[in-house]
Amino acid sequence: MNNLKNRQWQERFGWIYYNEDEIFRSDQQQIDNLVKKYADDGITILIGFSCTHFRWNHVLNWKEINECIGRLVKSCHKYGIRYVEHHSSHLTYNPIGQDQIDAVEKAFEFHGSSTKAWTGFYEYSQGDPLINGRKISSFRQISGATAKFARSNYRGYCMCFNNPQYKEEYFKYLESVYAQGVDGIMTDDVQYFGQGWWGDWSACTCVHCRKLFKEKTGYDIPEPDKWNEFYENYSNPAFVAWKKFKHESTTKFAHDVNKHFESLGYALLRPNYISTIVRENPTSYPFENCTDLWDFVFQENISLIVIKESFYDVATEAIHRFAMARHRGIPSMSMFYPRTEDSLYFSWGLCKIWGQLFTQCSRNFKGGMREYIYRNFEMKHKEFYEAPDKVSDLAFLLSADTRDFSIGYKDSMRRFATWLQASYVYGFMTDMVFESEDLDVYSKFKYIVAPSVKMLSEMMLEKLYKYVENGGNLIIIGSFAIYDDKGKSYGHRLEECFTKLPSTPGVKMIGKGSIFVIEDSECIDHYQNSVRVPNYMDEHALSNPTPDYVIDALKQTGGKTLDAIIQQKNIEATSSIQIIYSLFKHGVNAAIHIMNVDKAMSKENERVTLSTPIEGYTIGSKKAAQVDVSVKLGFTPKSIIACIPESDEEKEIHFIEANGRIHFSIPKNTFYGYCLIKVFG
Numbered sequence: 001m002n003n004l005k006n007r008q009w010q011e012r013f014g015w016i017y018y019n020e021d022e023i024f025r026s027d028q029q030q031i032d033n034l035v036k037k038y039a040d041d042g043i044t045i046l047i048g049f050s051c052t053h054f055r056w057n058h059v060l061n062w063k064e065i066n067e068c069i070g071r072l073v074k075s076c077h078k079y080g081i082r083y084v085e086h087h088s089s090h091l092t093y094n095p096i097g098q099d100q101i102d103a104v105e106k107a108f109e110f111h112g113s114s115t116k117a118w119t120g121f122y123e124y125s126q127g128d129p130l131i132n133g134r135k136i137s138s139f140r141q142i143s144g145a146t147a148k149f150a151r152s153n154y155r156g157y158c159m160c161f162n163n164p165q166y167k168e169e170y171f172k173y174l175e176s177v178y179a180q181g182v183d184g185i186m187t188d189d190v191q192y193f194g195q196g197w198w199g200d201w202s203a204c205t206c207v208h209c210r211k212l213f214k215e216k217t218g219y220d221i222p223e224p225d226k227w228n229e230f231y232e233n234y235s236n237p238a239f240v241a242w243k244k245f246k247h248e249s250t251t252k253f254a255h256d257v258n259k260h261f262e263s264l265g266y267a268l269l270r271p272n273y274i275s276t277i278v279r280e281n282p283t284s285y286p287f288e289n290c291t292d293l294w295d296f297v298f299q300e301n302i303s304l305i306v307i308k309e310s311f312y313d314v315a316t317e318a319i320h321r322f323a324m325a326r327h328r329g330i331p332s333m334s335m336f337y338p339r340t341e342d343s344l345y346f347s348w349g350l351c352k353i354w355g356q357l358f359t360q361c362s363r364n365f366k367g368g369m370r371e372y373i374y375r376n377f378e379m380k381h382k383e384f385y386e387a388p389d390k391v392s393d394l395a396f397l398l399s400a401d402t403r404d405f406s407i408g409y410k411d412s413m414r415r416f417a418t419w420l421q422a423s424y425v426y427g428f429m430t431d432m433v434f435e436s437e438d439l440d441v442y443s444k445f446k447y448i449v450a451p452s453v454k455m456l457s458e459m460m461l462e463k464l465y466k467y468v469e470n471g472g473n474l475i476i477i478g479s480f481a482i483y484d485d486k487g488k489s490y491g492h493r494l495e496e497c498f499t500k501l502p503s504t505p506g507v508k509m510i511g512k513g514s515i516f517v518i519e520d521s522e523c524i525d526h527y528q529n530s531v532r533v534p535n536y537m538d539e540h541a542l543s544n545p546t547p548d549y550v551i552d553a554l555k556q557t558g559g560k561t562l563d564a565i566i567q568q569k570n571i572e573a574t575s576s577i578q579i580i581y582s583l584f585k586h587g588v589n590a591a592i593h594i595m596n597v598d599k600a601m602s603k604e605n606e607r608v609t610l611s612t613p614i615e616g617y618t619i620g621s622k623k624a625a626q627v628d629v630s631v632k633l634g635f636t637p638k639s640i641i642a643c644i645p646e647s648d649e650e651k652e653i654h655f656i657e658a659n660g661r662i663h664f665s666i667p668k669n670t671f672y673g674y675c676l677i678k679v680f681g
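FYI, our numbering numbers position 22 of the sequence shown as 22, with every residue one higher than the one before it.
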C-alpha cells in the first residue's frame, strides 16, 4: 500500500483523532464507521492524532494505544486509505505547579479526555519510572544554562537524540507500531529545547552530546558559569560549531529512523511538516536537511491563527514549501485547522492559490464539514491541480547560513521576510531558491532577490556570479555577503570573491546579466503578522484585536521598488475588490486561480475570533465583481473556462491576444470566493 510515487498529486490527506473513547471503548465496527466518513470525503491518506501525542507519558497504555492503531489500520485498508501514525518522538508533560497542571488538564479536556483516564499519568509524568530497567531521566536533554533537565514550552522534559539508550527504547516502541500494519510514520518534534520558553534553546549538553561534540569539533561545551558569554555568541566559532552539531544530530536521528524500519523490511511513507522556518530554525528541526526522506512536505498553519487575518503571513511559508517540494520532485501541502464551513472553503482556496495539496485538521470529531465538495471539485478538474509548474516572476534566495549561523540573524531574517511578503502582496508570482540548489535551477529564474543575505560561502558567490554572467538578474537589498560560511569577515571580500558592487542604488552589467543594488529602507519596516486566539476554551467567545493593516504600505514601498526593476509580471489581475491570484502551467495547459479576499482581513483594529465569518465564503454571500486579467502564456489558448466549486456550471471566457499577452475579463457575479480559470493549450 506504500508505492505512492506515481500518484502523489492525487492523494487527499485527512487527520483522524483517536482519543480516550477510541482507545478504550471502541470496537472494529465503530472505527469502520468513523473511517468511512473520511472515505466518503475522498480522503486517501489518514494521519493519526491523539491526546496521547506525548507518547512517553503513556508507556503504561502503549498496548491499548497500539491495539487502537491496529483497528484504525484495518478500517483504513478496508476503504482503500493509507494510515500514517503520528506522535511526538520525545516530548512529555511534566507540569510544575498548579497553573501548569490546570493547563495540562485543559489540553486533555480539549480532546474529550482527562488525565484520570490514563493509568498512573501523574505518577508517571512527575516521577522517574524505569523503561526496561533504565530510568527515564537518563534519556533527557540537559540545559547548558542550568545543567538541569531541559524543558520544552509544552510544560515537560525532552529526550536527547544523541542518547543511545533513548534511541534503543524508542526504536523498540516504533517496532511495536510498525507491527500494526501502518503505511507511514511521523516521528514528530525532533527538536532541541532549553529552559521551557520560546526563546531559550540551551539544550543539549548531556554527557553524550559533550562527548560527541568534543570528538567532532575539538571544542568543549562550557559549564553554566560560562554559559552567558557562550550562548548566542555568533562571533565565537565554538558556539556556531555547537549549533551546527545540533542540526547534524537531529538530521542523523531522522535518517536513523529510516534505516531502522528499512532494516526490518518496511517501506514506509514519511510526510513531514513544520509551522515556520523561513525566519528561524532555533530548535534545529531537521526539515530542510532531510528532503531525501520526505514523501510530502507541508506547513502546519497552527490551530491558534485566525485564518482570514493570517493568510498573508502563512503565504510566505507556502512559498518556501512549494520550492522545497519542487527541489525533491514531490507535492507540498498546507495543513489548516478550520472551525467553520467558510474557513474550510477559504483555507482550501488558499492551497489552490499556492499550488499545494490541502489538508484540514479541524478537530471536528464527527467529520461534519462538507469537505467532499472541494475534494470532488479537485478530482473533476485534476489535470489543472496536479504537478503545478509555477510561472514565476522572481525568486528569493533563502540563505540557511544567514538564518542559522550569522550575527544579527533575527534582524536579517525579519527584513528578508518583509521583502518576501511585499513581493507576494504586490502580486508577483514569488518563488524561492536555496543555497543547496545547482546553477541550472537558479538559471530558470529571470530575477533572484537577495535581501539581507549576510552570510554566503565563496562557492555561493561563484554560483551567483555565473548566474548573472549567463543572463540572470541579481537584486541585492541591504547587507550582502559580509561573512563567509565560517563567520569570517574581512575587507574587500566581495571584490576578491565576487565583484565590486555599484553604488546604492545602482546597476552593474556582468556578461549577459545585471546586478541591481537597492536600499533596504525602500520597504517599510512592518510585516503583516498572523492573529492568534487561544483555543483551549470556548473558541467562539475568545477574541483578539487585529494588528495594524500594512498590506497597502508593503505594496507601495517594497512592491513598487521591485516593480521598477521587473516592470511587467507574467500575470496581472485587477478588480474593484481585493483579490489574490496565481498562475501555473500543467503540460500544454495553464491554470489561473483567483480568490476574493475583499472582506477577509480587517483594516481596522477589530476583535476577531476563530469563527468570525468570511464574506464571500459564507452562505448568502454576494458574488464577486469583475476581474480583468492580462497574462503571458507563451501560447494561444484554444479556450478559457471559468469554474467554481459551488456549481457544476462552467463559463466560457472570451479573450483577445495583443502584444504577446492574453487579455480577458471574468464577468461580475461569476464566482463567490474562489474561481479556477482553465486555459486549454
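Every residue gets a Cβ at the ideal spot worked out from N, C-alpha and C, and that includes glycine.
Please classify residue 372: does DSSP put it in a helix, a strand, or coil?
Secondary structure at residue 372: helix, using DSSP grouped into helix, strand and coil.
From residue 3 to residue 275, what distance separates their C-alpha atoms?
Residue placement at residue 3 cannot be trusted, given a pLDDT of 42 that sits under 50; the coordinates are not used to answer.
Residue 564, buried or exposed, once every other Cβ within 10 Å from all chains shown has been counted against 16:
Exposed is the label assigned to residue 564, since fewer than 16 other Cβ atoms lie within 10 Å of its Cβ.
Taking only three categories from DSSP, how would you classify residue 548?
When DSSP states are grouped into helix, strand and coil, residue 548 belongs to the coil group.
Do residue 322 and residue 349 have their beta-carbon atoms positioned less than 8 Å apart in this structure?
Contact flag unset, no.
First and last residue of the uninterrupted beta strand (DSSP E) at residue 299
Per DSSP, residue 299 belongs to the beta strand (DSSP E) from 296–300.
Among the residues of its own chain, which have a CB less than 7 Å from the CB of residue 287, if the five just before and after it don't count?
Close CB contacts of residue 287 within its chain, under the 7 Å cut and outside five residues either way in sequence, are with 272, 274, 277 (chain order).
From residue 380 to residue 588, what does the alpha carbon distance come to, in whole angstroms?
If you take the alpha carbons of residue 380 and residue 588, they lie about 18 Å apart.
From which residue to which residue does the alpha helix (DSSP H) around residue 437 run?
Element bounds for residue 437: n/a, residue is neither H nor E.
Please classify residue 509 as buried or exposed, where buried requires at least 16 other C-beta atoms within 10 Å of its C-beta.
By the beta-carbon neighbour count (other beta carbons within 10 angstroms, threshold 16), residue 509 is exposed.
If we ignore side chains and look at the alpha-carbon of each, how far apart do residue 331 and residue 23 end up?
Cα to Cα, residue 331 sits roughly 32 Å from residue 23.
Measuring alpha carbon to alpha carbon, tell me which residue in 400, 386, 506 is nearest residue 11.
Residue 386 holds the alpha-carbon nearest to the alpha-carbon of residue 11 among 400, 386, 506.
For residue 242 and residue 221, I'd like the C-alpha separation in whole angstroms.
When rounded, the distance between both Cα atoms is 8 Å.
Do you know how far the Cα of residue 598 is from the Cα of residue 38?
Per the coordinates, the alpha-carbon of residue 38 lies some 32 Å from the alpha-carbon of residue 598.
Measuring alpha carbon to alpha carbon, tell me which of 479, 435, 470, 351 ends up nearest residue 460.
Closest in C-alpha terms to residue 460, from the list 479, 435, 470, 351, comes 435.
Indicate whether the contact test is met: 3 or more Cβ pairs, each with one atom in the segment 33–47 and one in the segment 69–82, closer than 8 Å.
Touching, yes.
Going by beta carbon distance, what residues of the same chain come within less than 7 Å of residue 146, once the five residues before and after it are set aside?
Apart from the 5 residues on each side of it in sequence, residue 146 sits with its Cβ closer than 7 Å to the Cβ of 195, 224 in its chain, given in chain order.
Report, in whole angstroms, the separation of the C-beta atoms of residue 442 and residue 433, which I expect to be a contact under 8 Å.
The C-beta separation of residue 442 from residue 433 comes to about 6 Å, placing the pair in contact by the 8 Å criterion.
Euclidean distance between Cα positions of residue 129 and residue 90
For residue 129 and residue 90, the distance between alpha carbons rounds to 15 Å.
Under 7 Å from any heavy atom of the ligand GDP, does the C-beta of residue 602 make it?
Judged by which ligands are present, the structure shown has none, so any question about the ligand GDP falls away.
Helix, strand or coil: how does DSSP classify residue 257 here?
Residue 257 falls in the helix class under three-state DSSP.
Decide if residue 605 is buried, meaning its Cβ has at least 16 other Cβ atoms within 10 Å, or exposed.
Under a 10 Å Cβ-count criterion, residue 605 is classified as exposed, with fewer than 16 other Cβ atoms of the shown protein chains found around its own Cβ.
Does DSSP classify residue 2 as helix, strand or coil?
The pLDDT assigned to residue 2 is 42, lower than 50, so where the model puts this residue is not dependable, and the model offers no usable value.
Considering only residues of the same chain and omitting the five flanking positions on each side of residue 366, which have a CB-CB separation below 6 Å?
With a pLDDT of 42 at residue 366, under the threshold of 50, the modelled position of this residue cannot be trusted; read the value that follows with caution. Closer than 6 Å at the Cβ level, and outside the excluded window around residue 366, lies no residue.
What residue ranges within the segment 413–461 form continuous alpha helix (DSSP H) runs of no fewer than 4 residues, ordered along the chain?
Residue ranges of uninterrupted alpha helix (DSSP H) with 4 or more members, entirely inside the segment 413–461 and ordered along the chain, are 439–442.
Report the rounded CA-to-CA distance for residue 574 versus residue 629, giving the unit in angstroms.
Taking the straight line joining both Cα atoms gives about 7 Å.
Check whether the segment 485–499 touches the segment 516–526, taking contact to mean three or more Cβ pairs, one atom from each stretch, closer than 8 Å.
Touching, no.
Spatial neighbours of residue 325 within its chain, please: C-beta separation below 7 Å, excluding the five flanking residues on both sides.
Within the same chain, Cβ atoms closer than 7 Å to the Cβ of residue 325 are found at 297, 331, 332, the five residues on either side in sequence being excluded.
Give me the DSSP bridge partner(s) of residue 567.
Looking at the DSSP assignment, residue 567 forms no beta bridge with any residue, so it has no partner.
On a CA-only basis, which of 144, 239, 269 is nearest residue 207? Give me that one, please.
Nearest to residue 207 by C-alpha distance, out of 144, 239, 269, is 144.
Can you give me the C-alpha to C-alpha distance between residue 102 and residue 41, rounded to a whole angstrom?
About 37 Å.
Tell me whether residue 582 sits in a helix, a strand or coil according to DSSP, three-state version.
In the structure shown, residue 582 falls within a strand segment according to DSSP collapsed to helix, strand and coil.
Could I get the ranges of all uninterrupted beta strand (DSSP E) runs contained in the segment 573–646, with 3 residues as the minimum, in chain order?
If we require 3 residues or more, the beta strand (DSSP E) runs fully inside the segment 573–646 come out as 579–586, 589–596, 627–631, 639–643.
Can you check whether the CB of residue 308 is closer than 8 Å to the CB of residue 336?
Taking 8 Å as the Cβ cut-off, residue 336 and residue 308 do not qualify as a contacting pair.
Among 61, 425, 596, 344, whose alpha-carbon lies nearest the alpha-carbon of residue 577?
Of the listed residues, the one whose Cα sits closest to residue 577 is 596.
In the DSSP assignment, the beta strand (DSSP E) including residue 398 goes from what residue to what residue?
Start and end: 394–398.
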